[in-house]
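For the protein sequence lines, the chains are A and B, in the order given.
Numbering-wise, the working numbering comes out as the position in the first sequence, counting from 1, plus 22.
Numbering-wise, the working numbering comes out as the position in the second sequence, counting from 1, plus 5.
Where a beta carbon is used, it is the ideal one built from N, C-alpha and C, also for glycine.
The structure presented is a predicted model; accordingly, all values stated were derived computationally and were not measured.
Read the structure below first, then the notes.
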Amino acid sequence: MSNKLIDFINISKSYGTQTVLDDLNLYIRENEFLTLLGPSGCGKTTTLRILGGFETPDCGQVIFDGEDITNLPPNKRQLNTVFQKYALFTHMTIAENIAFGLKIKKKSKQYIYDKIKYALKLVNLDGYENRMPDSLSGGQQQRIAIARAIVNEPKVLLLDEPLGALDLKLRQDMQYELIRLKNELGITFIYVTHDQEEALTMSDTIVVMNQGYIQQIGTPERIYNEPENAFVADFIGESNIIPSLMLKDRLVKILGVPFACVDEGFGQNKPVDVVIRPEDICLRKPGEGSIDGVVTHLIFKGVHYEMEVRANEYDWLVHSTKMFPIGTQVSIHVDPFDIQIMKKPESEDEEAVNIEE
Amino acid sequence: MIKKYLEKIYLFLIFILLYAPILTLIVLSFNNSKTRAKWGGFTLKWYSSLFQNEQIMNALYTTLIISLLAAVIATVIGTAAAIAIHGMKQKWRTLYSGLTNIPMMNAEIVMGVSLMLLFIAFHVTLGFGTILIAHITFNIPYVILSVAPKLRQTSRRTYEAALDLGASPLYAFFKVTFPDILPGVLSGFMLAFTMSLDDFVITHFTKGPGVDTLSTKIYSEVRKGIKPEMYALSTLLFVTVLVLLILVNVSPKKDAETAAARKHVRRRSRAGRILIKRVIPVAICLVFVGGGIYYASKGQMLTKEKLIVYNWGEYMDPDVITLFEEETGIDVVYEEFETNEIMYPKISSGAIAYDLVCPSDYMIQRMRENDLLAEINFDNIPNIKNIGKDYLERSKEFDPENKYSVPYCWGTVGILYNKTMVDEPIDSWSVLWDEKYKDNILMQDSVRDAFGVPLKYLGYSLNSTDLDELNEAKDLLTRQKPLVQAYVIDQVRDKMIGNEAAIGVIYSGEAIYTQQENPNLEYVIPKEGSNLWIDSWVIPKNAEHKENAEQFINFLCRPDIALMNFEYITYSTPNTAARELIEAESIRNSKIAFPDLSTVPNLETFQYLGTKNDEVYNELWNKVKSK
Numbered sequence: 023m024s025n026k027l028i029d030f031i032n033i034s035k036s037y038g039t040q041t042v043l044d045d046l047n048l049y050i051r052e053n054e055f056l057t058l059l060g061p062s063g064c065g066k067t068t069t070l071r072i073l074g075g076f077e078t079p080d081c082g083q084v085i086f087d088g089e090d091i092t093n094l095p096p097n098k099r100q101l102n103t104v105f106q107k108y109a110l111f112t113h114m115t116i117a118e119n120i121a122f123g124l125k126i127k128k129k130s131k132q133y134i135y136d137k138i139k140y141a142l143k144l145v146n147l148d149g150y151e152n153r154m155p156d157s158l159s160g161g162q163q164q165r166i167a168i169a170r171a172i173v174n175e176p177k178v179l180l181l182d183e184p185l186g187a188l189d190l191k192l193r194q195d196m197q198y199e200l201i202r203l204k205n206e207l208g209i210t211f212i213y214v215t216h217d218q219e220e221a222l223t224m225s226d227t228i229v230v231m232n233q234g235y236i237q238q239i240g241t242p243e244r245i246y247n248e249p250e251n252a253f254v255a256d257f258i259g260e261s262n263i264i265p266s267l268m269l270k271d272r273l274v275k276i277l278g279v280p281f282a283c284v285d286e287g288f289g290q291n292k293p294v295d296v297v298i299r300p301e302d303i304c305l306r307k308p309g310e311g312s313i314d315g316v317v318t319h320l321i322f323k324g325v326h327y328e329m330e331v332r333a334n335e336y337d338w339l340v341h342s343t344k345m346f347p348i349g350t351q352v353s354i355h356v357d358p359f360d361i362q363i364m365k366k367p368e369s370e371d372e373e374a375v376n377i378e379e
Numbered sequence: 006m007i008k009k010y011l012e013k014i015y016l017f018l019i020f021i022l023l024y025a026p027i028l029t030l031i032v033l034s035f036n037n038s039k040t041r042a043k044w045g046g047f048t049l050k051w052y053s054s055l056f057q058n059e060q061i062m063n064a065l066y067t068t069l070i071i072s073l074l075a076a077v078i079a080t081v082i083g084t085a086a087a088i089a090i091h092g093m094k095q096k097w098r099t100l101y102s103g104l105t106n107i108p109m110m111n112a113e114i115v116m117g118v119s120l121m122l123l124f125i126a127f128h129v130t131l132g133f134g135t136i137l138i139a140h141i142t143f144n145i146p147y148v149i150l151s152v153a154p155k156l157r158q159t160s161r162r163t164y165e166a167a168l169d170l171g172a173s174p175l176y177a178f179f180k181v182t183f184p185d186i187l188p189g190v191l192s193g194f195m196l197a198f199t200m201s202l203d204d205f206v207i208t209h210f211t212k213g214p215g216v217d218t219l220s221t222k223i224y225s226e227v228r229k230g231i232k233p234e235m236y237a238l239s240t241l242l243f244v245t246v247l248v249l250l251i252l253v254n255v256s257p258k259k260d261a262e263t264a265a266a267r268k269h270v271r272r273r274s275r276a277g278r279i280l281i282k283r284v285i286p287v288a289i290c291l292v293f294v295g296g297g298i299y300y301a302s303k304g305q306m307l308t309k310e311k312l313i314v315y316n317w318g319e320y321m322d323p324d325v326i327t328l329f330e331e332e333t334g335i336d337v338v339y340e341e342f343e344t345n346e347i348m349y350p351k352i353s354s355g356a357i358a359y360d361l362v363c364p365s366d367y368m369i370q371r372m373r374e375n376d377l378l379a380e381i382n383f384d385n386i387p388n389i390k391n392i393g394k395d396y397l398e399r400s401k402e403f404d405p406e407n408k409y410s411v412p413y414c415w416g417t418v419g420i421l422y423n424k425t426m427v428d429e430p431i432d433s434w435s436v437l438w439d440e441k442y443k444d445n446i447l448m449q450d451s452v453r454d455a456f457g458v459p460l461k462y463l464g465y466s467l468n469s470t471d472l473d474e475l476n477e478a479k480d481l482l483t484r485q486k487p488l489v490q491a492y493v494i495d496q497v498r499d500k501m502i503g504n505e506a507a508i509g510v511i512y513s514g515e516a517i518y519t520q521q522e523n524p525n526l527e528y529v530i531p532k533e534g535s536n537l538w539i540d541s542w543v544i545p546k547n548a549e550h551k552e553n554a555e556q557f558i559n560f561l562c563r564p565d566i567a568l569m570n571f572e573y574i575t576y577s578t579p580n581t582a583a584r585e586l587i588e589a590e591s592i593r594n595s596k597i598a599f600p601d602l603s604t605v606p607n608l609e610t611f612q613y614l615g616t617k618n619d620e621v622y623n624e625l626w627n628k629v630k631s632k
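In structure tokens:
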């Protein structure tokens, strides 16, 4: 990946007494598919709106392509937005919607015509020029909204939960479509969502946010496998988060039982949080694992069974393709590299991060 | 089954109740006979004579101009206000939309009076401008009310999307937000236009002399007795408002339909857009330009010499005014009032600077005592010599030095009776208490006239302030009440002509007219005495064209002009030179028109008795009427 295209420097924003963003620092590289992920109210949409020019930060700077655009009005910015509810102009045809930005830029008729053709082809909606937005399905409207944005050849496309209003199947199809588009256009996508699956599927980089703070920045794999704190671990996928004691390097005491792990540098006898993904837990016969317990819940989920195992006064969430009926005596085994150690929050700011909305 | 029938009957009754009055009016507008009671066949003549009436056509044009201007301006202001309110934070939005709603709940009369007071306080001359401002004011809340819900439906995101695509805020508003709220803006405009079109109360309070909208014109015409043209006009007004209301209420639906239709068909939307983009603005511009020219030409007239006259309804031959204008080049703005009591506050408030007013005797006394009158310069009125000495002498009862007033008309109050219904000779007020004539008696519906009858009958003064005497009079009136068919003012004339009553208390001037229409009617001044009244010209202190006013008085005192007016009004003239010119001997020497003042005893003019006594009279009169 290449150089920084967008740089947020010390951005803060609050509405009344409610702080939405607190001293946010973030940079976005060219041609990156970056996702802002977090629960609603975490500040991800505000971040996007500050970049789009619809909100002005209370303090801090937004640098775009080396230029300070903090106070530039939205119509002067070289980026385009795809809104959550499409925001198509309902009194205009599809062609007029797509041509809107081009007409303002005083492009020639032929150029506009070609662009409309090209954009409709790109979003697989050939021949829809003269339809009205109302007559299109949600997915089609969303693709028109994307077409309307990309004909302006923005350097960056901002997408504010664009798939939020669509049903599951359509959402999955559109995810692939967006990845394809991004690769064909070769521009930067900044994507806002609260759906972790969407984020994991499409992004080059995920920024996990909560309560106006960035919790973790990383690739999807890193975010999933090595969450830096309990919030990220909890928000991305399902997990067992257990307060534990780091005895020394590579050894952690979980629920009174020492486990081998691969983490180092947390010090000796330090309280930590341990994350163990449910699919990383292996159920064995009693006595053959680290902790013995009994199966208390069982649900069939299709790909796997979801079970709860009561062991050492903790309900372990376990995913397994093998079924253990309720009441079965089992023993829990975890491989050392499947144990993720996280620092306990120390300061108040970090504590706030842990409060779920 | 029964329930269903009952439901239908109920619905039918409600519709009868709602529409019977309007239907009656519409039917009467096509009635070929002048009286309401008879159906004289179908005719359109009232419609054609309506369109030939220049004053009404002027009022119509004024109405349209005011309604349109007020609606356009209110739509612009109201839409902008709605957008601003929409953009506020919740707390402020609630407050402001509440504040803009209050004027709608407010009683119109409160709004009208307060606007008038405001204009007076800031020394704004009442006229076209003040009506326009008033209309804009009361229209704005309606526009906000119809635009606001549309704004709430409109997503802010589409506006932002337009900005995002490079549109400037203004371009984004007109291209994206405005089309979305357009149905609301249009129905707000229609609503405002309709409200303006049929407003009476607020216009009544904020209008100045010479400017009339249809509603105020109809009102002033109706005061003189309802002419069938008014039925025609009211019918047209009703139909217009009905059509507008249908347009307002149907258009959103139509919008939805066309929107549905143009999903696939593109052309129709283009036709609609041409209508919105071209036809409507062109129409508006045309009316603007037309209105501009019209008022510019009117404005030129205003720069000429001017005279603002405030007179009783139907109290001057219109040709007299035309003649005066032709002879002098002075532009006469002519306004009418119905009673002294309506006229008085207009003068005392100073809202309008009338130049010449024609009050009755006791009101002249009151205006003089309240220092509202200017002394007349009689050097400018040489024709005063034509006024009989008797009348100037009588005038001293309210204008002791003959300094403030010039007599215009005079007369007596007496009994008008129908000889076919009354077979005895009548010479006393006592007939009004005769059980024989139960439900055949018409009394005057004004305090002083009503009390004058029993006071004179009892042998007291018309101007009595003695409580015992007044109570006696009150008791007589109360006793008389079951016998009385109606307490009326102008309708005495029409009802007596139409043989609807046997006996009525009436002014002598009306009596002459009724005799011409119905020879069975006879007028008598009762032997106990009665009221002699004089209406005279006075010049208010705040008059701006005093010399023109004096010139007009002089003109009115010219024998030929006084004769014209006498023949038009049929009220006795104090102009002895004019009386000599009357051709018909029966009228020149009529006992009704010109009774020998020395042979009729106990004739008195009313005097202003002061506010306190006025209250006593009013209180007693209310007691009589409420029993």
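Does residue i come within less than 9 angstroms of chain A when only Cβ atoms are used?
{"i": "L100 (chain B)", "result": "no"}
{"i": "S192 (chain B)", "result": "no"}
{"i": "Y147 (chain B)", "result": "no"}
{"i": "P184 (chain B)", "result": "yes"}
{"i": "K180 (chain B)", "result": "yes"}
{"i": "P154 (chain B)", "result": "no"}
{"i": "H269 (chain B)", "result": "Its pLDDT being 46, under 50, H269 (chain B) is placed unreliably in this model, and the value from its coordinates should be taken loosely. So, interface residue."}
{"i": "G171 (chain B)", "result": "yes"}
Kindly indicate which three-state DSSP category residue i falls into: helix, strand or coil?
{"i": "N97 (chain A)", "result": "helix"}
{"i": "I88 (chain B)", "result": "helix"}
{"i": "W415 (chain B)", "result": "strand"}
{"i": "H269 (chain B)", "result": "Note that H269 (chain B) scores a pLDDT of 46, beneath 50, so its modelled location is shaky; the value from the coordinates is reported in the next line. It is coil, neither helix nor strand."}
{"i": "F281 (chain A)", "result": "strand"}
{"i": "G149 (chain A)", "result": "coil"}
{"i": "T327 (chain B)", "result": "helix"}
For residue i, collect the residues of the same chain with a Cβ closer than 7 angstroms to its Cβ; drop the 5 residues on either side in sequence, then sort them by chain order.
{"i": "G349 (chain A)", "result": "V316, V317"}
{"i": "I363 (chain A)", "result": "M268, V274, C283, D285, F288, V294, V296"}
Using a Cβ-Cβ cut-off of 9 angstroms, state whether residue i counts as contacting chain B.
{"i": "Q362 (chain A)", "result": "no"}
{"i": "H216 (chain A)", "result": "no"}
{"i": "N93 (chain A)", "result": "no"}
{"i": "R244 (chain A)", "result": "no"}
{"i": "N97 (chain A)", "result": "yes"}
Which same chain residues, not among the five before or five after residue i, have their C-beta less than 6 angstroms away from its C-beta?
{"i": "T78 (chain A)", "result": "none"}
{"i": "R272 (chain B)", "result": "Annotation note: pLDDT 46 at R272 (chain B) (below 50); position unreliable, no value reported."}
Are there any heavy atoms of the ligand ZN lying less than 8 angstroms away from the beta-carbon of residue i, as far as the coordinates show?
{"i": "D601 (chain B)", "result": "What this structure holds is no ligand at all, so the ligand ZN is not there to describe."}
Below 8 angstroms CB to CB, which residues in the same chain sit around residue i once its five sequence neighbours on both sides are set aside?
{"i": "E440 (chain B)", "result": "L488"}
{"i": "E310 (chain A)", "result": "S353, H355"}
Using 8 angstroms as the Cβ pair cut-off and three pairs as the minimum, do the segment 148-159 of chain A and the segment 102-119 of chain A touch? yes
Is there contact between the segment 106-115 of chain B and the segment 165-180 of chain B, where contact requires at least three CB pairs shorter than 8 angstroms? no
Between the segment 68-88 of chain A and chain B, which residues of the former have CB atoms less than 7 angstroms from a CB of the latter, in chain order? G74, F76
Could you please tell me which residues of the segment 77-90 of chain B, in chain order, have their CB closer than 7 angstroms to any CB of chain A? none
Counting pairs of Cβ atoms below 8 angstroms between the segment 182-202 of chain B and the segment 90-104 of chain B, do you hit three or more? no
Which residues, in chain order, does the segment 172-186 of chain A contribute to contact with chain B at a C-beta distance below 8 angstroms? N174
Cβ contact (3+ pairs, closer than 8 angstroms) linking the segment 19-34 of chain B and the segment 235-245 of chain B: yes
Below 7 angstroms between beta carbons is the criterion; list the residues of the segment 101-113 of chain A that meet it against any residue of chain B, in chain order. N102, T103, F105, K107, A109, F111, H113
Chain-ordered residues of the segment 111-140 of chain A with a beta carbon less than 8 angstroms from chain B: F111, T112, H113, T115, F122, G123, I126, K127
With a threshold of 8 angstroms, are at least 3 pairs of Cβ atoms found where one atom belongs to the segment 591-605 of chain B and the other to the segment 420-437 of chain B? no
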